[in-house]
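*Asks:* Everything in the sequence shown is counted per full-length UniProt numbering, starting at 1 for the first residue and increasing by one.
For each residue, glycine too, the CB sits at the ideal point set by N, CA and C.
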Amino acid sequence: MAMRQGLLFRQLFESESCTYTYLLADTETKEAVIIDPVLETLDRDVKLVKELGLNLTVAVNTHCHADHITSTGLMKQRILGLKSAISKLSGASADIQLAEGDKIHFGKHYLVVKETPGHTDGCSTLVLDDDLMAFTGDTLLIRGCGRTDFQQGSSSRLYDSIHQKIFTLPEGCLIYPAHDYLGQTVSTVGEERKLNPRLTKSKEEFIKIMENLNLPKPKKIDISVPANLVCGLH
């Protein structure tokens, strides 16, 4: 994939919850941010940051996860000066409470916060400053979307969030979700607008689909949500 000059990018995978963690850095200043780090892969992530000689300044969660525990709290103990961040609408504690339009800077780059509620109240999509990449969390998945049957789920809000905040990005903008269960790593706004089986439907049809998914409860929800409200520290 063609990468913007001066931008270091790594997509990392955690196999138990099929979570993607993303590391972005400015190659000149070495300032870096990490998105959706997972407790199980804390050692791997810290090691990579140190190997690459990065100054990790912000660890951001796209939302309060139900399927894994975040490593932001423990990562702060291992990396001096690291701050945690999450949407102020999530109800979770963090050093930085994010809101619509906020910018997370790393060197000469930054991520713009878009509030995209629906899967949970506090879901954010993080868009790179040139609209080249969007980190959609559980809001928009590759050919799918986050479920809306627990926490503060709302199918109507999710549909609006995706259509108004994500599908309005440029067609070629790369979509990087927080999970993929089929080994897919990336999509584009144009692809999802055209091919996403749920989101090409009308809002009424979408709500009906989401009401009839009948998915099992996430295995770790009873442990993960309370822990993630406090940065993964019990």
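(1) Tell me the rounded alpha-carbon separation between residue 111 and residue 128.
(2) Counting beta carbon pairs with one atom in the region 86–97 and one in the region 165–182, are three or more of them shorter than 8 Å?
(3) Helix, strand or coil for residue 11, going by three-state DSSP, please let me know.
(4) If you compare alpha carbons, which of 59, 191, 64, 83 is closest to residue 153?
(5) Tell me whether residue 13, by its Cβ, gets closer than 6 Å to a heavy atom of the ligand ATP.
(6) Just checking my contact of residue 38 with residue 68 at CB under 8 Å: how many whole Å lie between their CB atoms?
(7) Bridge partners for residue 177 per DSSP, in chain order?
(8) In the DSSP assignment, the alpha helix (DSSP H) including residue 211 goes from what residue to what residue?
(9) Determine contact between the region 137–152 and the region 92–112, defined as no fewer than three beta-carbon pairs at a distance below 8 Å.
(10) Kindly indicate which three-state DSSP category residue 55 falls into: helix, strand or coil?
(11) Between 207, 205, 172, which lies nearest to residue 193 when the distance is taken from Cα to Cα?
(12) Are the CB atoms of residue 225 and residue 59 nearer to each other than 7 Å?
(13) Measuring straight from C-alpha to C-alpha, what distance separates residue 45 and residue 227?
(14) I think residue 96 touches residue 142, with their Cβ atoms under 8 Å apart; what is that distance to the nearest whole Å?
*Replies:* Let's see:
(1) 5 Å
(2) no
(3) strand
(4) 64
(5) Looking for the ligand ATP in the displayed structure turns up nothing, as the structure carries no ligands at all.
(6) 5 Å
(7) 137
(8) 203–211
(9) no
(10) strand
(11) 172
(12) no
(13) 20 Å
(14) Going by Cβ atoms, the distance from residue 96 to residue 142 rounds to 28 Å, so no, they are not a contact pair.
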